[in-house]
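Q:
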Amino acid sequence: MVETALFTMSGVAWPEGADPLGLWQVEPQLERAFDTRSAVDDRLVWSVALPGDHQLAQVQIAARLQKVTQVQARLEDAERKLGTLSVGTPFAHDQDTAAAALLTEVLVIQQGRTAMASGIDPQRWVDLYHEATALLRQFRRLLLYYGWVETEIAGEFVGLTTIDWSSDYQTAWQDGITADGMRLHLDAVRLALASRQALDRLVTVIVTGALELAVKAGIPGGHVLLLPAVYRYVRTILQQLQELERVS
Numbered sequence: 540m541v542e543t544a545l546f547t548m549s550g551v552a553w554p555e556g557a558d559p560l561g562l563w564q565v566e567p568q569l570e571r572a573f574d575t576r577s578a579v580d581d582r583l584v585w586s587v588a589l590p591g592d593h594q595l596a597q598v599q600i601a602a603r604l605q606k607v608t609q610v611q612a613r614l615e616d617a618e619r620k621l622g623t624l625s626v627g628t629p630f631a632h633d634q635d636t637a638a639a640a641l642l643t644e645v646l647v648i649q650q651g652r653t654a655m656a657s658g659i660d661p662q663r664w665v666d667l668y669h670e671a672t673a674l675l676r677q678f679r680r681l682l683l684y685y686g687w688v689e690t691e692i693a694g695e696f697v698g699l700t701t702i703d704w705s706s707d708y709q710t711a712w713q714d715g716i717t718a719d720g721m722r723l724h725l726d727a728v729r730l731a732l733a734s735r736q737a738l739d740r741l742v743t744v745i746v747t748g749a750l751e752l753a754v755k756a757g758i759p760g761g762h763v764l765l766l767p768a769v770y771r772y773v774r775t776i777l778q779q780l781q782e783l784e785r786v787s
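Residues in the sequence shown are numbered from 540 upward in steps of one, following this note's numbering.
1) Can you give, in chain order, each stretch of the alpha helix (DSSP H) that sits fully within the region 554-628 and has at least 4 residues?
2) With the cut-off set at 7 Å, would you say Leu752 and Leu732 are in Cβ contact?
3) Return the bridge partner residues of Thr790 from the DSSP annotation.
4) Select from Ile776, Val786 and Arg785 the residue whose C-alpha is nearest the C-alpha of Leu614.
5) Considering only the alpha carbon of each residue, which of His669, Ala601 and Ile692 lies closest to Asp719?
6) Would you report the Cα separation of Asp592 and Thr547, rounded to the nearest angstrom?
7) Please confirm whether Arg582 and Gly561 have their CB atoms less than 7 Å apart.
8) Does DSSP put Glu751 in a helix, in a strand, or in coil?
9) Here's the rule I'm using: 16 or more other beta-carbon atoms within 10 Å means buried, otherwise exposed. How should Val587 be labelled?
10) Is the CB-CB distance between Leu780 and Asp558 below 7 Å?
11) What is the rounded straight-line gap between the Cα of Gln778 and the Cα of Ala711?
12) Taking the C-alpha atoms as reference points, what is the distance between Pro590 and Arg603?
13) In whole angstroms, give me the CA-to-CA distance for Leu674 and Gln609.
14) Note down the Cα distance separating Arg676 from Val598, rounded to an integer number of angstroms.
15) In whole angstroms, give me the CA-to-CA distance for Leu646 and Lys755.
16) What are the boundary residues of the beta strand (DSSP E) that includes Ser702?
17) Would you mind working out which of Gln709, Phe678, Tyr684 and Met721 sits nearest Val697, comparing C-alpha positions?
18) Measure the C-alpha to C-alpha separation of Asp726 and Gln650 and round it to an integer number of angstroms.
19) Give me, in chain order, the residues of the same chain whose beta-carbon lies closer than 6 Å to that of Ala572; leave out the 5 immediate sequence neighbours on both sides.
20) Enumerate in chain order the residues of its own chain whose CB-to-CB distance from Leu741 is below 8 Å, with the five nearest sequence positions on each side excluded.
21) Would you tell me roughly how many angstroms separate the C-alpha atoms of Glu566 and Gln662, rounded to the nearest one?
22) Contact check, Gln709 vs Thr701 under 8 Å by CB: the rounded distance?
23) Looking only at its chain, what residues have a beta carbon closer than 7 Å to the beta carbon of Ala671, apart from the 5 residues adjacent to it on each side?
24) Under the rule that 16 or more other beta-carbon atoms within 10 Å means buried, what is Ser625, buried or exposed?
Structure, rendered in structure tokens:
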């Protein structure tokens, strides 16, 4: 019997196979975000397995919702840090590793676009293009595909809600479901929606950041190639902020 709630998502493939916000376990997919194969499903699935103790289940969902709020705040901080990065100036001695890695990538793309004879391995450009387009494909899935939210309590199916992300939804209930079970399922739906909003915000921060860096570096159209590097930077900043909160 489940004692600790399990929060699992599938239908979108992130690099390293992990949720960049650290909110959900990600089920393995046929495709990784930095892969060239197309996905085989057209839905996002958010699965919540809850313990039989309804009060405990409610507490665990509430705690996860609080984590979503914390992630939203970290995204604001990550966006500010991304916006302060300067392109074309010497790296500062106290500059963090994440910023240095991102600005190095900007420099590589900048040099490659202005001088094709820069000595950069052509295969590097092919790989970078594949990484960028694969990540874009995952962003598109996240923003456009409809979602399923399914819950179970103590191993028993409770309900399934389908959402088209335009606020239209339908729920199928297990026969004989109790009012408490319904409330827990609807709480799980709220959690899934809040998590998706946070992921939408993540996409906005990454795409906007890549656009701004491309403009600063004078790389027309280069924002697409910068997406993987900006993604890695934002995820690192989120992890650093989470660690700071943990020790403070």
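Glycine included, C-beta positions come from ideal geometry on N, C-alpha and C.
A: Here's the rundown:
1) 593-622
2) Reading the sequence shown from its first residue, position 213 is the one you call residue 752. Reading the sequence shown from its first residue, position 193 is the one you call residue 732. For Leu752 and Leu732, no; Cβs fall outside 7 Å.
3) The displayed coordinates of the chain run from 540 to 787. Any statement about residue 790 would go beyond what the structure contains.
4) Here residue 614 refers to the residue found at position 75 of the sequence shown. Looking at the Cα atoms, Ile776 is the closest of the given residues.
5) For this step, residue 719 is matched to residue 180 along the sequence shown. Cα-wise, what sits closest to Asp719 is Ile692.
6) Here residue 592 is taken as the residue at index 53 of the sequence shown, counted from 1. Here residue 547 is taken as the residue at index 8 of the sequence shown, counted from 1. Cα-Cα distance, rounded: 20 Å.
7) Within the sequence shown, numbered from 1, the residue matching residue 582 stands at position 43. Within the sequence shown, numbered from 1, the residue matching residue 561 stands at position 22. No.
8) Taking the sequence shown and counting its residues from 1, the one referred to as residue 751 is at position 212. Helix, per DSSP.
9) The residue you call residue 587 lines up with position 48 of the sequence shown. Classification of Val587: buried, given that the 10 Å Cβ count is 16 or more.
10) In the sequence shown, the residue the question calls residue 780 occupies position 241. In the sequence shown, the residue the question calls residue 558 occupies position 19. Cβ distance not < 7 Å, so Leu780 and Asp558 don't count as in contact.
11) To locate residue 778, count along the sequence shown from 1; it is residue 239. To locate residue 711, count along the sequence shown from 1; it is residue 172. Taking the straight line from one Cα to the other gives about 37 Å.
12) In the sequence shown, residue 590 corresponds to position 51, counting from 1. In the sequence shown, residue 603 corresponds to position 64, counting from 1. Between Pro590 and Arg603, the C-alpha separation is close to 15 Å.
13) Against the sequence shown, residue 674 aligns to sequence position 135. Against the sequence shown, residue 609 aligns to sequence position 70. Taking the straight line from one Cα to the other gives about 25 Å.
14) Walking along the sequence shown from the start, residue 676 turns up at place 137. Walking along the sequence shown from the start, residue 598 turns up at place 59. When rounded, the distance between both Cα atoms is 35 Å.
15) Residue mapping note: residue 646 aligns to position 107 of the sequence shown, counting from 1. Residue mapping note: residue 755 aligns to position 216 of the sequence shown, counting from 1. Rounded to the nearest angstrom, the two C-alpha atoms are 11 Å apart.
16) For the purposes of this step, residue 702 is taken as the residue at position 163 of the sequence shown. Per the sequence presented here, residue 702 reads as Ile, with Ser not at that position. Residues Glu695 to Ile702.
17) Here residue 697 corresponds to residue number 158 of the sequence shown, with the count starting at 1. In this structure, Met721 is the residue among Gln709, Phe678, Tyr684 and Met721 with its C-alpha nearest to the C-alpha of Val697.
18) For the purposes of this step, residue 726 is taken as the residue at position 187 of the sequence shown. For the purposes of this step, residue 650 is taken as the residue at position 111 of the sequence shown. So the two alpha carbons sit approximately 50 Å from each other.
19) On the sequence shown, residue 572 is found 33 positions in, with the first residue counted as 1. Its pLDDT being 42, under 50, Ala572 is placed unreliably in this model, and the value from its coordinates should be taken loosely. The residues are Ala552, Trp553, Pro554, Ala673, Leu674 and Gln677.
20) Taking the first residue of the sequence shown as position 1, residue 741 is located at position 202. Closer than 8 Å at Cβ, skipping near neighbours: Pro559, Leu560, Leu614 and Val773.
21) Counting from 1 along the sequence shown, the entry for residue 566 is found at position 27. Counting from 1 along the sequence shown, the entry for residue 662 is found at position 123. Approximately 31 Å between the Cα atoms of the pair.
22) Your numbering for residue 709 matches position 170 in the sequence shown. Your numbering for residue 701 matches position 162 in the sequence shown. The pair is a contact, with the Cβ atoms about 5 Å apart (cut-off 8 Å).
23) As a working note, residue 671 is residue 132 in the sequence shown. Taken in chain order, the residues that qualify are Val763, Leu764, Leu766 and Pro767.
24) Here residue 625 is taken as the residue at index 86 of the sequence shown, counted from 1. So Ser625 ends up on the exposed side.
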